[in-house]
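Each step along the sequence shown adds one to the number in the working numbering, with nothing skipped, and position 101 is 101.
All residues carry an ideal CB built from backbone N, CA and C; glycine is no exception.
Fair warning: this is a prediction, and the values are worked out from it, not measured in the lab.
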Amino acid sequence: MLLIGPLIAAGSSAYAATFTVNTTTDAVDANPGNGVCATSGGSCSLRAAIQEANALAGADVITLPAGVYQLTISGTAEDQAATGDLDIRTDITINGADARTTFIQAGSGPGLGIDRVFDVPIGVSGILSLNNATVRYGTDSSGVGGGGLQLNAPGVGGAFNLNNVLVTQNTSTANGGAMRISGGTVNIVNSAITNNSSSGGQGGAALCNNLCTLRITNSTLSANSGTNGGSLRNTINTSITLTNSTITRNTASAGTGGINTSAGGTMNIRNTIVTDNTGTTDNDATGVVTSGGNNLIGSQGTSTGWVGTDLLNNPNARLAPLGNYGGSTPTHSLLSGSAAINAGSNCVNNSSCATFNAPANVAADERGFARPASATTDIGAFELPAAPTDFTAVLPAADKNQAYTTTLAPNTTVGATTYTYTLFGGDTLPNGLNLTTAFAPAAAEQITGTPTVNGTFFFRVQVSDGANTQVTRYQLTINAPTAASAGISGRVMDAKGRGIARARVVMTLQDGASRTATTNSFGNYRFDDVAVGQTVILNVSSKSGIFPAAALNVGDEITGFDLWALD
């Protein structure tokens, strides 16, 4: 298993303080530097915790429970974390609960962000170590870049360390849809960067320039789009190192779809899949690479530097759609017959490679499944189990007699291929649940319904492209109803206090499961049978306004909990 923990830069001190966030509301710290994370209302918000950490000496830790943390204080080009994005000016570790339950977002949806999400300002050697969280809905329209994160640290150091993190649905009008790295060091481990876009620049996932060092290990880069370098782009005097990663289905409108390295830049690559990307010049790779061998490259294009153990111009990666095949971040599972199976180098497992080893042993895949599953490690971020029962993917828990939906794959149609998902070997779902394909806005494969039994259930699902297959074993726990339950009700209103009809209210429970209610013509919503003793998060989706996430503790019947749009 790749265990790097929070990576602490040389010379940094021991942790000085630990702050635990207890509200999802976006609010500033009342008195930064006094050692207490407290807004004017007395709660500890994520923004307040970062401001307090920035004001203190030493390396600080922020504990971020499950929830949706939406930035709502507008204002860009400010570098003290008081408005807009969260500015990192010192050494800060943020520990989320899980990438599936801890969401840090700059808006209520894609393209609606008030700013990017995280920023290390220019001239500041800040270090952000982010674990077990999702970064989404960031928007950069400054013309600089970095839709989700920006490390702007040429000549002064600074770093991002991402471990078990999903960076998704961020946008930039310039470079680096997910992140722009200008100087400093970025380590991305056991993570996924998906569905980000740079509409006017380079690097749909990331742009690396100005002496930047970027190391990506056991990670998936998929469905990102940019002008040049749909996934990755580096420039002169920069270094990117790719180990056991999967780079696929990224697009470029005026350049290379996959990886693009300039003259004078370094692209180290080992045990990595780069395939099925789309560009106007080269599809998968451009420039001179330094290959450590055992890579699977769908289309070599004009790229050079490959070695004899690389599988070049190989169309047989046979990847399933991006989806939940276990772990906290999405992956592309390998189908039967994939050329990546047992085709990697085992030197990554114990850091015995002759050159450019990963930050630590790659003894597990992105999901945490042990490598190698057989004699030889697979290429890419996914290690195919020898048998479906060797690894179990745990789904979000459900509640008996309550509506439930979880997505296995957000889109089962890729190009001209439609992938089918079926129950395997006579397995069945718990009573009341079905395996279905939803066709709007995309052909998502879901488990949905209202379970009528409780307990812990195991079942296997097979994905097939018509000729090749892969089977995943899933676990689903359905909780029994408790006598201690309550209802939550109120109205959804615009900034003038008028009820909003047909608004969608999503309630995220403490275990990460979610339920949805739609308002009536007067704006009323209601949830019944909510287990008491937990904190739930309510999010509203409506064209009639932008709504901050609302958290409440369920202890008894709750009425009149109104949700107001921002001015």
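Tell me which residues share the same chain as residue i and place their Cβ nearer than 6 Å to its Cβ, disregarding the 5 neighbours each side in the sequence.
| i | result |
| --- | --- |
| Val-21 | Cys-44, Leu-46, Ala-49 and Leu-64 |
| Glu-557 | Ala-486 and Gly-487 |
| Leu-130 | Ile-94, Leu-162 and Val-165 |
| Ala-484 | Val-532 |
| Asn-268 | Thr-241, Thr-290 and Phe-356 |
| Thr-407 | Ala-444 and Gln-446 |
| Thr-420 | Ser-464 |
| Leu-311 | Leu-296 and Ala-339 |
Quick one: residues in its chain with C-beta nearer than 7 Å to the C-beta of residue i, no 5 flanking neighbours on either side, listed in chain order?
| i | result |
| --- | --- |
| Ala-340 | Ile-273, Leu-296, Ala-317, Leu-334, Asp-378, Ile-379 and Gly-380 |
| Ser-74 | Thr-83, Gly-84 and Ile-114 |
| Phe-424 | Arg-460, Val-461, Gln-462 and Val-471 |
| Gly-305 | Val-288, Val-289, Thr-290 and Ser-291 |
| Gly-155 | Gly-183 |
| Thr-248 | Ser-222, Ile-273, Thr-275, Asp-276, Asn-277, Leu-319 and His-332 |
| Ser-514 | Val-506, Met-507 and Thr-508 |
| Ala-480 | Lys-400 and Asn-454 |
Leaving out five residues on either side along the sequence, give the residues of the same chain with a beta carbon under 8 Å from the beta carbon of residue i.
| i | result |
| --- | --- |
| Phe-522 | Arg-491, Gly-499 and Ala-501 |
| Thr-171 | Pro-110, Gly-111, Gly-113, Gly-138, Thr-139, Asp-140, Gly-147, Gly-177, Asn-196, Ser-197, Ser-198 and Ser-199 |
| Gly-545 | Asp-494, Ala-495, Ile-500, Ala-565 and Leu-566 |
| Thr-18 | Asp-60, Val-61, Ile-62 and Thr-63 |
| Val-353 | Here residue 353 is Cys; the residue named in the question, Val, does not match the sequence. For Cys-353, where only same-chain residues beyond five positions count, the Cβ hits under 8 Å are Arg-270, Gly-292, Ser-345 and Cys-347. |
Could you have a look at residue i and say whether DSSP puts it in helix, strand or coil?
| i | result |
| --- | --- |
| Val-570 | With the chain running from 1 to 567 in the structure shown, residue 570 is simply not present. |
| Gln-169 | coil |
| Leu-7 | The pLDDT assigned to Leu-7 is 37, lower than 50, so where the model puts this residue is not dependable; a value taken from the coordinates is nonetheless given after this. Three-state result, Leu-7: coil. |
| Thr-450 | coil |
| Thr-76 | coil |
| Ile-181 | strand |
| Gln-475 | strand |
| Thr-248 | strand |
| Leu-46 | helix |
| Asn-568 | With the chain covering only 1 through 567, there is no way to say anything about residue 568. |
| Thr-417 | strand |
| Gln-402 | coil |
| Gln-470 | strand |
| Gln-510 | coil |
| Ala-55 | helix |
| Thr-389 | helix |
| Tyr-137 | coil |
| Ser-219 | coil |
| Cys-208 | strand |
| Val-362 | coil |
| Phe-19 | strand |
| Glu-383 | coil |
| Phe-439 | coil |
| Ala-192 | strand |
| Val-144 | coil |
Distance check for residue j and residue i, CA to CA, integer angstroms please.
| i | j | result |
| --- | --- | --- |
| Thr-418 | Ala-403 | 28 Å |
| Ala-503 | Tyr-325 | 32 Å |
| Asn-187 | Ala-375 | 28 Å |
| Ser-198 | Asn-357 | 30 Å |
| Gly-177 | Thr-246 | 18 Å |
| Ile-88 | Asn-54 | 7 Å |
| Asn-163 | Asn-132 | 7 Å |
| Asn-313 | Asn-244 | 18 Å |
| Asn-237 | Ser-262 | 9 Å |
| Pro-315 | Thr-412 | 19 Å |
| Ala-398 | Arg-473 | 17 Å |
| Ala-386 | Thr-392 | 13 Å |
| Asn-210 | Thr-194 | 24 Å |
| Thr-173 | Ser-225 | 12 Å |
| Ser-338 | Thr-389 | 20 Å |
| Asp-427 | Phe-160 | 43 Å |
| Asp-29 | Glu-52 | 7 Å |
| Thr-634 | Gly-257 | No answer is possible for residue 634: it lies beyond the span of the chain, which begins at 1 and ends at 567. |
| Thr-469 | Pro-321 | 12 Å |
| Gly-512 | Arg-367 | 18 Å |
| Ser-142 | Leu-232 | 21 Å |
| Ser-541 | Asn-294 | 46 Å |
| Gly-11 | Asp-119 | Reliability fails at Gly-11, whose pLDDT of 35 lies under 50, so the model's placement of it is uncertain and no value is given. |
Looking at the ligand MN, does it come within less than 6 Å of residue i, judged from the CB to the closest heavy atom?
| i | result |
| --- | --- |
| Ala-443 | Ligands are entirely absent from the displayed structure, and the ligand MN is therefore not among its contents. |
Under a CB-based cut-off of 7 Å, is residue i close to chain D?
| i | result |
| --- | --- |
| Thr-452 | In summary, chain D is missing from the structure at hand, where a single protein chain is found. |
Exercise. Of all the beta strand (DSSP E) runs that stay within the bounds of the segment 255 to 313, which reach a length of 3 or more residues?
Worked result: 259 to 261, 266 to 270, 273 to 275 and 290 to 293
Exercise. What residue ranges within the segment 520 to 567 form continuous beta strand (DSSP E) runs of no fewer than 3 residues, ordered along the chain?
Worked result: 524 to 531, 534 to 541 and 550 to 554
Exercise. Which ranges would you report for the beta strand (DSSP E) in the segment 63 to 129 if only whole runs of at least 3 residues count?
Worked result: 67 to 70, 91 to 96, 102 to 105 and 118 to 120
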